[in-house]
Amino acid sequence: METKTGSALVIGAGISGIRSALDLAEMNYRVFLIDKSPHIGGILSQLDYQFPTDHCGMCKMLPTIGRDASSQFCLRKGLFHENIEVLPGTEMTALEGEPGNFRVTLDSAPSFIDAQKCIGCGRCSAVCPVEVPDQFNGGLTKRKAVYLPVPHNIPNRFMIDIAACTRCAECEKVCPTGAIDLRTEARRAFRILVVDDELVVRDSLKEWLVVEGFSVDMAASGAEAIDLFSSNDYGLVLLDVKMPGMDGVEALQIIREIKPDLPVLMMTAYATVETAVQAMKIGADDYLMKPFDIEALVAKVVQQYERTVTVKGRVIEVGAVIMAAGSDFCDPARTPGAFGYNLPNVVTGLQFERLLSGAGPGAGKLIRPSDGRPLRKIAFLQCIGSRDLKQKADYCSSVCCMFSIKEALLAKAKSGGEADAAIFYMDMRTFGKDFQRYRDLAEKESGVRFIRSRVHTIDPDADGSLRLHYVDGEGGQHEEVFDMVVLAAGQRPNRGTRDLAQSAGIELNPAGFCLTDELFQNRSSREGVFAGGSFAGLRDISESVIQAGSASLGASKLIRSKGGAPRASERTGAALQDVSKELPSLAVALCACASSLRGGLDLESFGKSLTLWDPSIRVFQIERVCTLSGRKSLLENMRESGCNMISIGACMPCLYGKMLVELAKETGLSAGLMDVVDIYTPAFRGDRTDPRQISGRIESALKMSIGRLKSADPGPTRSLSIIRKALVIGGGISGMTAALAIADHGFHVDMIEKDVDPGGLVRSLYRTIEGTETSGLIEKLISDVRANTNISVHTEAEVVDSKPYEGLSFLTTIKTKDGGEKRLDHGVTILATGGKEATTREYCYGMSESVITLHELEAHLGKSAGAAEPPGSVAMIQCVGSREEGRNYCSRVCCSSALKNALRLKKENPKADLFIFYRDIMTYGFLEAYYTKARQEGIIFIRYSPEAKPDVSIADGGKVRISARDPILGRDIVLEPDLLVLSTGVVPNDLNGLGQVFGFEVNEDGFFREAEYKWQPVNSKKRGIFACGLAHSPRSISEAIAMAQAAAQRALVMLNREEIEAGAVVARVRRSLCSLCERCIAACPYGARSRSEEKDIIEIDELACQGCGACAAVCPNSASVVRGFSDRQVMAMVDAALELT
Amino acid sequence: MADYEPAIIAFVCNWCTYTAADLAGTSRLVQPPNVRMIRMMCTGMVDPKYIIKALLEGADAVLVSGCHPGDCHYINGNLKARRRMKLLKEILPKFGFDERRLKMTWIGASEGIDFAETVRQMTAEVKALGQNDLRTRMVL
């Protein structure tokens, strides 16, 4: 059994799982990252393009601080981090023990291909006769039974889909490394007993199962079965329920007495299904219905068989568990109505995404799969399987609106603007940061059509086109013909979530997602088990990344509180030998794999020609460098040769990241002095290619690597440190949550609040939509903050100035309440400056006491709580001043707040008339249920468009009069409510001043501009500055808390280490050549360069520098140099590259 | 001269095009043999002098390929490269090179097919242009 302190298990290696795993790994905890699928990346491995750039940016999740600990290549290829053990094809089957001290049992799926031996040559796939739909392409293409799960994964090992495999064993025969073992013997050894009184059933079962490779015995009665049973060893029994004499249930009881663990499947006709269910209670494992569905039957038998071959019972000990098992999409094929999904050219959003993908079925060309015609008219249908009570999906999937707009824009882009894209929707839910502008641009600039409607029928039209019949918002009937229909299939819990929840001992909510705490959504129902990403509910990428950060913060805090310490950081830099004074002594190791792959490749002659080229080079051959023995032999050879740099000719260089780090530790040689060259892929050129060209290519690649190494800068990397204290600006819910999170990790926090007391905007909200009073949360946070000795609270204080301090830290001056100034030193800064309700002059606000804002109503409801007489009629107008130019964003919280207040008013006075004027109701996620409830309670929703807003006037005596058009009635209406409530939306507190002081950016709406909307939502581009809460974007209380935790987590990554190792690839300045022109300062995207006035030199912040080389390219004197990519190195590569052509 | 194999130097960014090239390789897409890839962290670090050097040493063409606009791992390095390459194309004739010998593209991580196609197409174009005659001449 393995034991480790300070470790965590992350279940699910999608985006959230990767984020959580990296978070904890960056804090130097040991992380196990498991996923039941054979690869990492989750759903994102199928999505090439993401809103809002409409491209990809996954790699931006990789660490920016201490980045050499992790892989530095596209995350689609895979992930490596020295603190993470990635276990694909693995599931958790048991979780025992206490928080801080869990024992987890992991089972791995049986593998028929030895990953250590598979070299990914693809010969097996070429000979495989079986073709099945490829799920990676949404079933649009076919793949073989032996296949690559994801084309771009690295290492890319072939897998066998054993359910589809016919065990013809052709692949076994052609595998050059003997990696495939179908274990036909094991199948034959798996004996199945079929018990049925009907001969025809027994015979056909035997026939099917023998084809599958199993051994089958038959018995005609219960008694015969028991007889056979006593003298044979069976792996599985298929038992008929209804037999003359001893029936199935009786036989089962006897079998259970003899062999309690033996799997038994009952076979039953529809009439006796009750009995079969009864049998399951006394120990049958499952039942099969007659007449048999062969595929389902075989699948169930295979499942039982696989249980016997699953690699069971690896037990690990971890302090905390993060559940990030993600979510799935609903399958329109299984939904009633089907939305035309049975028709050709009706696809799901995911399938359309695959059609757009360069690695997809159409190679990125926008063509119709049915006839290969270019797609020119595409309809997108929203809310398929979401917001649908009939399907028990009373929730909004939160992601589909943006997903469809993105796909529509991609279709436009791919077709050069020729394709017509129309989105058929109910409410366009653009509730996130910058969503509304994205939608507006899609409509106005790209010409995407937005049609508010319900599509009721899809008919096939001529040549595979589709005729849509729909009703618009005013009740008008229309029809239109499209080339293709794309269904925005809603989210569902992942298959297997129920089993997973059971093994983890956590509860699920009624929709089948993880049940979380209302306010602290990273908490599941079991202490120590945290919920990340969309496992915790319906979330897009950005929110999933935030939720993942919040989950890892929870995990880290728990691990720490139970005594789990981060692993002592090993400074690889210190242990490395300094070879800068030595002469370069170069060795080349060639992996023999490539030559075994291709007979014509003569490694001997490579070696000879390399030594001819440069006699000082030593060349040796290694048998399979990537294996443990290969590495050992490499190490021996390196020691023997006494080389101080090595070029390794093997396969994919990125496979070797981990090995190079380990080699560096073992040899004391910096990983920057080792290089891996792919000599393997060129060996694969089709057989037509001239072998001489292949050798030329490989030799050239090796010489390029040698050239690069010879001019490498062998110096060690630098170790840096920051002041391990934090400054939190703002004392609202976000600020206090962030401060507590950091203080609980043992670091000092200064929290600045401009008001007399902390609490912030939440003080003006009295209840959440679920009905929880917010005062409890505020009081708890304030008392926790006051009680925490690591937090100094500065009330009525504000930031005056901040300067760089001790190299990489900040020295911030604040004005305190007594008018004095105080200086605070800190290494990280968290902005939690919050926001406020926007002011308005629209709709006669200020002209009558009967026109109030949402917060004024909240205050009224919060204070009066049943005291004053409730109003008899109330109208509310949403989107006052929002979602139109000037403030073109959705404030996210107003719709749910309006529903909350309306439902409360209705509760206080059931006779009250309530009217809500809206543009789109933004009840994303589970909030949708409140919208449904509000409609059920008789609250009337009247839609208006920004072109025809309701007209409000004040009559004599202050009475409000609203004239508007009701699109459903199709006529003008006049309302005279007692009260008119305006949802004016949220604006951020002014950040411009702080932006100038700290050097972060503010967006056009005055919110904090994050480094990257999706992948780095809480980071500033400037190192050490993070933001959360309303300073970032409008959000609810629970979302603000999650974001504060995510921001604190990012800050803790920096605080948690005494010393931070700078990256190996960073920029340097050769001072003697520098003319101080400062062009590099302007070019640096990270603000990592500055001119030191006193020393009169350009200084580099090596923590901020990411090694992009923008500075080196602009430097007119070549004074700016990026390590590993110096001019000399690149020129040497160019030289070597052209030498042999 | 028509049937020569052009030598192409490709400066590819570590994040996007390098991945695409790997994907082209693992997908066994046949590519012309004389493309030499130089992996840079970002196209924004490709100094024009590297390109001029490659052409002076006889490369028949140079490809610079990075992430799509908006995708750059380093925020905007690819855009810097685009500006730089545009200017470089303007001065290349002064060095005696046809500006078509330099090409800049965006190829994302999953666009292995695009990568193979770009290289194939470029090879055909350069074949039509003829060999870089510096390869056969001695330059002092």
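Chains as they are written, first to last, in our numbering: chain A, 36 to 1176; chain Z, 9 to 148.
The beta-carbon is built from N, C-alpha and C at its ideal position, and this holds for glycine as well.
- Not one beta carbon of chain Z lies nearer than 9 Å to the beta carbon of H829(A).
- Collapsing the DSSP output to three states places E126(A) in a strand.
- In terms of Cβ geometry, L390(A) and L79(A) do not form a close pair [threshold 9 Å].
- Contact between I1060(A) and L866(A) holds, since their C-beta atoms are separated by about 7 Å, short of 8 Å.
- R653(A) is bridged by DSSP to A622(A).
- Sequence-distant partners of V835(A) (beyond 5 residues in either direction) whose C-beta falls short of 7 Å from its own C-beta, in its chain, are T848, I849, K850, E856.
- Taking C-alpha positions only, I764(A) is separated from E1045(A) by approximately 17 Å.
- Interface residue (Cβ-Cβ distance to chain Z less than 9 Å): Y1121(A) is classified as such.
- K208(A) counts as exposed, since fewer than 16 other C-beta atoms from the protein chains shown sit within 10 angstroms of its C-beta.
- Not a single C-beta of chain Z is nearer than 9 Å to the C-beta of F641(A).
- The beta-carbon separation of V483(A) and I440(A), rounded to 7 Å, stays under the 8 Å limit for a contact.
- With fewer than three CB-CB distances shorter than 8 Å, the region 13-29 of chain Z does not count as touching the region 1119-1129 of chain A.
- Using a CB distance cut-off of 9 Å, D141(Z) does not count as an interface residue toward chain A.
- Counted as a single uninterrupted DSSP element, the beta strand (DSSP E) harbouring C21(Z) occupies residues 16-21.
- Residues of chain A with a Cβ closer than 7 Å to the Cβ of S35(Z) are, in chain order, P186.
- The criterion of a C-beta distance shorter than 9 Å is satisfied by M62(A) and P601(A).
- Within the same chain, Cβ atoms closer than 7 Å to the Cβ of I989(A) are found at C879, M882, S883, V995, the five residues on either side in sequence being excluded.
- Pairing G642(A) with M739(A), the inter-Cα distance amounts to about 15 Å.
- Counting along the chain, G665(A) sits inside the alpha helix (DSSP H) bounded by residues 663-676.
- Unbroken beta strand (DSSP E) stretches of 3 residues or longer found wholly inside the region 947-1012 of chain A: 948-953, 975-978, 986-989, 995-1001, 1006-1010, given in chain order.
- K857(A) has I849(A) as its beta-bridge partners, per DSSP.
- Of all residues in the region 302-320 of chain A, none has a C-beta nearer than 9 Å to a C-beta of chain Z.
- Cβ contact annotation for N529(A) (same chain, cutoff 6 Å, sequence separation greater than five): A360, G361, S362, D363, in chain order.
- R111(A) is positioned such that its CB atom lies closer than 9 Å to that of T27(Z).
- With a 10 Å radius around the Cβ and a threshold of 16 neighbouring Cβ atoms, E808(A) comes out exposed.
- In the DSSP assignment, W114(Z) is bridged to G74(Z).
- With contacts defined as CB atoms closer than 9 Å, A89(Z) and V72(Z) qualify as a contacting pair.
- At a Cβ-Cβ threshold of 9 Å, C159(A) and C210(A) count as neighbours.
- If you ignore the 5 residues before and after H76(Z), its C-beta comes within less than 6 Å of the C-beta of W114, G116, all in its own chain and listed in chain order.
- Excluding its 5 nearest sequence neighbours in each direction, A536(A) has C-beta neighbours in its own chain below 6 Å: L543, listed in chain order.
- Residues are counted here when their Cβ sits less than 8 Å from a Cβ of chain Z; for the region 95-128 of chain A these are K95, Q107, F108, C109, R111, K112, given in chain order.
- In the three-state reduction of the DSSP assignment, V1101(A) falls in the coil class.
- Within the region 47-71 of chain Z, those residues whose Cβ lies closer than 7 Å to any Cβ of chain A are, in chain order, M48, M49, C50, G52, M53, V54, D55, Y58, K61, A62, E65, G66, A67.
- When 9 Å is used as the limit between beta carbons, V863(A) is near no residue of chain Z, the shortest such separation being about 21 Å.
- Any Cβ of chain A closer than 9 Å to the Cβ of I99(Z) would place that residue at the interface, and such an atom is absent.
- Within chain Z, the residues whose beta carbon sits less than 8 Å from that of N191(A) are T34, listed in sequence order.
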